[in-house]
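Chemist: Just dropping this structure here.
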Amino acid sequence: MRIFPSEVKKIVVKVSTQMLTDGAAEIYYEKIKAFVEEIAELINLGYEIIIVSSGAIGMGMTRLKMKKRPKDYKKLQALASVGQIHLMQNYQKEFDKYGLNVGQILLSADDTKNSTRRANVRNTLEVLLEKGIVPIINENDSVAIEELNYGDNDTLSALVAILLYVDLLIILTDVEGLCDKNPKIHSDYKVIKQIDMINEDLEKMVEDFDGGITFGGMTSKIRAIEKLTSIGIPGIITSFNNDDVLKRIVSGEVIGTYFTPRKQF
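Going by full-length UniProt numbering, the sequence shown opens with residue 1, and the numbers climb by one from there.
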């Protein structure tokens with residue numbers, strides 16, 4: 001059984017595009033339905049949940065029946081403007097079944113770097129949680145410029161977790177956790193159950209898995225979680241394909257990779 005350093009009540013859950021859509025022809029309605037049902041159950045049990053959700057560009061591609069992701073930044077911004085609407089519609093449709101409202105918050109890098117904006121974001125999130133409204137956060141991809149953005153929602157989820165000083169960050173992805181070998185290449189991989197220290201050797205191993213690509217891969221997740229653990233917040237990376245994954249985590253089941261927080265003195 002996994003023991004957290006303190007009671008877990010307030011949680012940031014980061015959702016990847018791969019859980020929501022294939023980015024071409026299909027939206028994964030059943031996965032969205034199951035995810036929302038689980039979130040609703042946790043809220044009913046007294047947990048406060050903040051969702052950081054990717055998927056705007058993927059939803060836009062699906063809506064416009066585009067099979068190939070464009071490289072042009074302006075086209076990506078346009079896709080995000082189309083897809084964000086449908087992303088939120090899908091979430092609200094499912095949360096309606098449980099009598100829950102959602103609140104959309106789109107952030108740019110300036111919103112967490114500027115102290116006044118940062119305070120405004122925190123205040124808004126706290127009011128939403130007090131009112132029992134589910135905050136759903138995404139980067140404001142339709143207006144973010146290439147030189148000034150978060151780079152990926154892993155980083156954004158960590159910054160939100162720090163902003164609210166939550167009890168836990170859960171990053172849901174398409175692999176079981178941090179593995180000793182690249183699970184997309186090696187079938188004999190093993191999931192590393194716990195990481196007590198993120199060091200250069202670990203980062204080098206993960207970078208090798210990602211082929212040097214840090215945008216949205218395991219490298220970005222590790223770097224995001226390092227921001228948390230350094231101030232005393234734990235993090236977990238695990239697969240969205242695990243049934244009842246969130247409930248199993250909060251019950252203490254050992255699932256995915258757990259990153260222990262540094263002790264605060």
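Think of the CB as a built atom: it goes at the ideal place given N, C-alpha and C, for glycine as much as any other residue.
If we require 3 or more residues per run, which beta strand (DSSP E) segments fall completely within the region 88-112?
Modeler: Runs of the beta strand (DSSP E) inside the region 88-112: 102-107.
Chemist: Under DSSP, the beta strand (DSSP E) around residue 28 begins and ends at which residues?
Modeler: Taken as a continuous stretch (DSSP letters only), residue 28 belongs to no beta strand (DSSP E), as it is neither H nor E.
Chemist: Ends of the alpha helix (DSSP H) at residue 10?
Modeler: Taken as a continuous stretch (DSSP letters only), residue 10 belongs to no alpha helix (DSSP H), being part of the beta strand (DSSP E) at 10-15.
Chemist: Kindly confirm or deny that the region 220-233 and the region 162-178 touch, where touching means at least three C-beta pairs closer than 8 Å.
Modeler: Yes: at least three Cβ pairs fall under 8 Å.
Chemist: Considering residue 235, what are the terminal residues of the beta strand (DSSP E) in which it resides?
Modeler: Residues 235-239.
Chemist: Name the DSSP beta bridge partners of residue 258, please?
Modeler: Answer is 194, 236.
Chemist: Indicate whether residue 259 and residue 194 have their beta-carbon atoms separated by less than 9 Å.
Modeler: Closer than 9 Å, so yes.
Chemist: Just how far apart, CA to CA, sit residue 197 and residue 237?
Modeler: So the two alpha carbons sit approximately 15 Å from each other.
Chemist: Rounded C-beta distance between residue 17 and residue 54? I'm assuming under 8 Å.
Modeler: About 5 Å; that satisfies the 8 Å criterion.
Chemist: Return yes when the Cβ of residue 241 is within less than 9 Å of the Cβ of residue 256, no when it is not.
Modeler: No.
Chemist: Which one of 124, 48, 160, 119 has the shortest CA to CA distance from residue 246?
Modeler: Nearest C-alpha to residue 246: 48.
Chemist: Between the Cα of residue 35 and the Cα atoms of 91, 57, 77, 78, which residue gives the shortest distance?
Modeler: Here the closest residue by C-alpha is 91.
Chemist: Rounded C-beta distance between residue 119 and residue 62? I'm assuming under 8 Å.
Modeler: Incorrect: roughly 36 Å between the Cβ atoms, too far for contact.
Chemist: Among 161, 171, 192, 174, which residue has its Cα nearest to the Cα of residue 181?
Modeler: Measuring from the Cα of residue 181, the nearest candidate turns out to be 192.
Chemist: When burial is assigned at 16 or more other CB atoms within 10 Å of the CB, is residue 177 buried or exposed?
Modeler: Residue 177 should be labelled buried.
Chemist: For residue 134 and residue 51, which I take to be in contact (beta-carbon distance under 8 Å), what is that distance rounded to the nearest angstrom?
Modeler: About 6 Å separates the two Cβ atoms, so the contact holds.
Chemist: Taking DSSP as the reference, what is the three-state secondary structure of residue 157?
Modeler: Three-state DSSP puts residue 157 in a helix.
Chemist: Can you list, in chain order, the residues of its chain with a C-beta nearer than 6 Å to that of residue 31? Leave out the 5 residues immediately preceding and following it.
Modeler: The answer, listed in chain order, is 19.
Chemist: Within a Cβ cutoff of 6 Å, which residues of the same chain sit near residue 225, ignoring the five residues on either side of it in sequence?
Modeler: Correct list, in chain order: 235, 259.
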